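Below: the structure, in structure tokens.
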Amino acid sequence: MLMRARLLLALVAIGLAACKGAPRDAGPEDRGADLRARVEADLARRGGRRYYLALSDHLIANHPDTVRSCLAPLHGERAAAFDLFMTVDADGSLSDVSAIPATLVGVCMSQRLLHSSFPRPPFSPFHANMPMRFAD
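This is the structure we're talking about:
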């Protein structure tokens, strides 16, 4: 229950971004700005905001164990905040997941979520950003 509350707090802000096609040689700041722009563009498209909410709900409902297992190595220490950028393809698979900045928990979640299924988006690729902030 506590983990669910933490995850709910982590997913408060709206934003979506993608990593597909992002310049691989760009620095974290440049890449983050590019991803945020893609997220904003997708949120502005028809069905974008509604799908983002469904994606957030899906993450909360179906992946609490992923969050819990990625937090475990911290042994109760507060996890650093990060943005989890996801690219959702037409079939609901993720073609890219990146944590910016690349924190221990963020990289762990990126690796574990990459092979997960999500609801099919209204258009693809759909770029999402799940801001992850953890309470004490």
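For the sequence shown, our numbering begins at 482 and goes up steadily by one. Beta carbons: idealized from backbone N, C-alpha and C, even for Gly. The structure displayed is predicted, hence computed values, not measured ones.
| Check | Outcome |
| --- | --- |
| Endpoints, alpha helix (DSSP H) assigned at Ser576 | Premise fails: Ser576 lies in the beta strand (DSSP E), 575-581, not in any alpha helix (DSSP H). |
| Sequence-distant residues of its chain with Cβ nearer than 7 angstroms to Tyr532 (five each side left out) | Pro602, Pro603, Phe607 |
| Stretch-stretch touch, CB-based, cutoff 8 angstroms, three pairs: the region 575-589 with the region 523-538 | no |
| Span of the alpha helix (DSSP H) around Asp538 | 529-543 |
| Three-way DSSP call (helix, strand, coil) for Pro606 in this model | coil |
| From Ala580, Pro600, Phe599, residue whose alpha carbon lies closest to that of Gln592 | Ala580 |
| Beta-carbon contacts of Ser443 that lie in its chain and below 8 angstroms, excluding the five residues immediately before and after | This structure does not reach residue 443, given that the chain is present from 482 up to 617, and the question cannot be answered. |
| Residues bridged to Leu565 (per DSSP) | Ala580, Met611 |
| Nearest residue (CA-CA) to Arg614, options Val588, Met590, Ala560, Asn543 | Ala560 |
| Asn598 - partner residues in DSSP beta bridges | Here residue 598 turns out to be Ser, not Asn, going by the sequence shown. According to DSSP, which records beta bridges pairwise, Ser598 is partnered with Ser574. |
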